[in-house]
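Residue numbers for the sequence shown, in the working numbering: 637 to 927.
Ideal placement from N, C-alpha and C gives every residue a C-beta, glycine not left out.
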Amino acid sequence: MRWELLLGINLLCGVTRETLNKKITHLVDPKVGILYLFTFNGILFLILQILMHGFTLRWNFTLILAGVLFTVAYVSYYHAIRISLSQSILFSSYSLLVTIFLAALFLGESSYFDILTPRGIKVVLGIILACVAMWYLLHEGRKSELKLERRWFLYILLTIVGTGVGSFMSLYGLHTLSFGSLEVVLNQTVGSLPPLILWIVLTKKSSFRISQTGLRLIGINSIFNSGSILAFFELAKYIPSTKLYPIQTVLLIILTMISGIIFFHEENTFKGTRALGMGLGLIGILLLSFA
């Protein structure tokens, strides 16, 4: 299968997943929605693991802990996309910064922050543009809108940190521990479900029961999510990750923004000072992705 077709499948599944995510947040409490989504994903990945590798499955505490972090990140992301899908898909990509920082700290990849190199200049400029972009987003609009934007900022900050640290742990499992990709996601699933259940029980703000429409959308979303992940792993066999990740990330952001405009009428995100913030944010993620 040609890599262009695999990239097309990955992007189609990814954009559909993000669009369905937003729809789900308006039907289901984010914690409950993520619980069902992670459960469906876990079942699909477990079936694939058994079919491809049998019943051999290794466990690791670091990867299980990554599942806890992804739980916080995904619930926060669901809250963020309730407010704006376009803003959230763009700025959640800055989780790459956290992963880069941890790689520099623990894997000896400090060249990412060496301002005497082209890569270091791009990373530092990307960070500066991200900060300026956030400032514009958080100082635009009426008082009620500013309050909503600040709530969004808190959610997206939790998303960035949780996803960034969790992704670093995933890379540790794949490259240092030599775990298979399905083993990594299954470890993370085991780490994510108990905290979610406990979180829902302790808050007492939502029921485990959801509507048939919500359950159907989550089931469909799980299939597209699995398709996106598997297509990405297959792509990695044909294209080096240093080239694949930037292309895939930027295209997914742009296509999801278009989806936000078409399906959720988020045109206001691209007007006035907020448009400048979005533009600077996109330039920043381009610099980071191609660093």
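Rounded Cβ spacing between residue i and residue j (contact assumed at less than 8 Å)
i, j, result
"N646", "L871", "6 Å"
"L721", "F900", "6 Å"
"R653", "S864", "6 Å"
"L912", "Y772", "5 Å"
"G703", "N823", "7 Å"
"L663", "G850", "4 Å"
"G917", "A740", "Not confirmed; about 22 Å, so no contact."
"L738", "G798", "That belief does not hold up - the Cβ atoms of L738 and G798 are roughly 13 Å apart, past 8 Å."
"I670", "V711", "5 Å"
"V651", "L853", "That pair is no contact at about 15 Å."
"G855", "F676", "6 Å"
For residue i, the nearest candidate out of the options (CA to CA)
i, options, result
"V821", "K659, Q685, L832 and K667", "Q685"
"L774", "L641, T905 and E640", "T905"
"A709", "G650, A911 and G802", "G802"
"V837", "D665, L891 and L641", "D665"
"I921", "I846, Y713 and I736", "I736"
"I890", "S858, I763, L916 and I725", "I725"
"V886", "F727, L663 and N677", "F727"
"F869", "Q723, L818, G744 and T825", "L818"
"L648", "I833, L866 and T825", "L866"
"I883", "T655, H715 and S729", "S729"
"H715", "G744, T839, I751 and I792", "I792"
"I919", "C767, S746 and S843", "C767"
Alpha-carbon spacing of residue i relative to residue j, whole angstroms
i, j, result
"G731", "F804", "Checking the sequence, you will find Ser at residue 731 rather than Gly. Each residue's alpha carbon lies about 10 Å from the other."
"W835", "K667", "8 Å"
"L810", "G816", "6 Å"
"L790", "T753", "33 Å"
"E902", "I717", "11 Å"
"V759", "L923", "7 Å"
"Q848", "L673", "14 Å"
"T812", "K907", "45 Å"
"G827", "I859", "21 Å"
"L682", "G800", "25 Å"
"E640", "F926", "19 Å"
"L765", "G756", "14 Å"
"T698", "L829", "16 Å"
"Y713", "N857", "15 Å"
"I894", "I700", "35 Å"
"M914", "R845", "37 Å"
"L782", "N696", "42 Å"
"H689", "Y874", "22 Å"
"I679", "E785", "36 Å"
"I796", "F691", "34 Å"
"L794", "I719", "15 Å"
"T892", "I833", "30 Å"
DSSP three-state assignment for residue i, whether helix, strand or coil
i, result
"H715", "helix"
"H811", "helix"
"R845", "coil"
"N696", "coil"
"T753", "coil"
"V760", "helix"
"K659", "helix"
"K840", "coil"
"S729", "coil"
"S828", "helix"
"H901", "coil"
"F691", "coil"
"I894", "helix"
"I883", "helix"
"I921", "helix"
"S720", "coil"
"I875", "coil"
"R638", "coil"
"G644", "helix"
Burial state of residue i, where buried means 16 or more other Cβ atoms lie within 10 Å
i, result
"T909", "exposed"
"G762", "buried"
"W788", "buried"
"L687", "exposed"
"T655", "buried"
"T839", "exposed"
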